[in-house]
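A.B. asks:
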Amino acid sequence: MVYINVIANISILCDCASWAPPPFMDDIGIVASKDMLAIDKASLDLVNEHYGAGDTFAKESGTSGNSQIDYGYSIGLGNRHYILINTDEEKNE
802 MVYINVIANI
812 SILCDCASWA
822 PPPFMDDIGI
832 VASKDMLAID
842 KASLDLVNEH
852 YGAGDTFAKE
862 SGTSGNSQID
872 YGYSIGLGNR
882 HYILINTDEE
892 KNE
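Residues in the sequence shown are numbered consecutively from 802, following this note's numbering.
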């Protein structure tokens with residue numbers, strides 16, 4: 802199985818609700834992995850790097866995304882370590 806995260810239109814609340822606030826960050830990209838936890842950790846790290854403020858979700862919503870990663874790891878959902886391979890030709894030049 803392959804997992805895909807589209808890191809776009811990031812809101813502090815679920816964007817599935819009609820009352821969700823507008824996104825607070827530009828689109829970052831798409832990541833894929835065979836490890837469900839590694840992909841979420843990579844996505845969280847990309848958001849934090851792009852936002853430039855440490856733990857983005859803790860600052861925006863009061864809840865750290867890292868707690869979900871740590872819990873997922875503790876129950877064996879996957880690995881917290883990953884390797885990013887950038888396929889964006891413009892950024893690789």
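All C-beta atoms in this analysis are idealised placements derived from N, C-alpha and C, irrespective of residue type, glycine included.
If contacts are defined as beta-carbon pairs under 8 Å, then residue 807 and residue 831 qualify, I think. What distance do you get, rounded to the angstrom?
C.D. replies: Numbered from its first residue, the sequence shown carries residue 807 at position 6. Numbered from its first residue, the sequence shown carries residue 831 at position 30. The pair is a contact, with the Cβ atoms about 5 Å apart (cut-off 8 Å).
A.B. asks: Which stretch, first to last residue, makes up the beta strand (DSSP E) that contains residue 839?
C.D. replies: If you number the sequence shown from 1, residue 839 lands on position 38. No beta strand (DSSP E) holds residue 839; the alpha helix (DSSP H) holding it covers 837-852.
A.B. asks: Is the distance from the Cβ of residue 833 to the Cβ of residue 879 below 8 Å?
C.D. replies: Here the question's residue 833 lines up with position 32 in the sequence shown. Here the question's residue 879 lines up with position 78 in the sequence shown. For residue 833 and residue 879, no; Cβs fall outside 8 Å.
A.B. asks: Can you tell me whether residue 819 is helix, strand or coil according to DSSP?
C.D. replies: As a working note, residue 819 is residue 18 in the sequence shown. In the three-state DSSP reduction, residue 819 falls in the coil class, being neither helix nor strand.
A.B. asks: For the alpha helix (DSSP H) that contains residue 866, what are its first and last residues?
C.D. replies: By 1-based counting over the sequence shown, the position of residue 866 is 65. 866-875 is the extent of the alpha helix (DSSP H) around residue 866.
A.B. asks: Could you compute how far the alpha carbon of residue 881 sits from the alpha carbon of residue 837?
C.D. replies: On the sequence shown, residue 881 is found 80 positions in, with the first residue counted as 1. On the sequence shown, residue 837 is found 36 positions in, with the first residue counted as 1. Each residue's CA atom was taken as its position, placing residue 881 and residue 837 some 10 Å apart.
A.B. asks: Determine the contact status of residue 862 and residue 805, defining contact as a CB-CB distance below 8 Å.
C.D. replies: The residue you call residue 862 lines up with position 61 of the sequence shown. The residue you call residue 805 lines up with position 4 of the sequence shown. No, Cβ-Cβ distance for residue 862 and residue 805 is not below 8 Å.
A.B. asks: When we look at the beta-carbon of residue 857 and count the other beta-carbons within 10 Å, is it buried (16 or more) or exposed?
C.D. replies: Numbered from 1 along the sequence shown, position 56 holds the residue referred to as residue 857. The residue is buried, with at least 16 neighbouring Cβ atoms inside 10 Å.
A.B. asks: How about residue 809 and residue 828: are their beta carbons less than 8 Å apart?
C.D. replies: To locate residue 809, count along the sequence shown from 1; it is residue 8. To locate residue 828, count along the sequence shown from 1; it is residue 27. Result yes, Cβ atoms of residue 809 and residue 828 sit closer than 8 Å.
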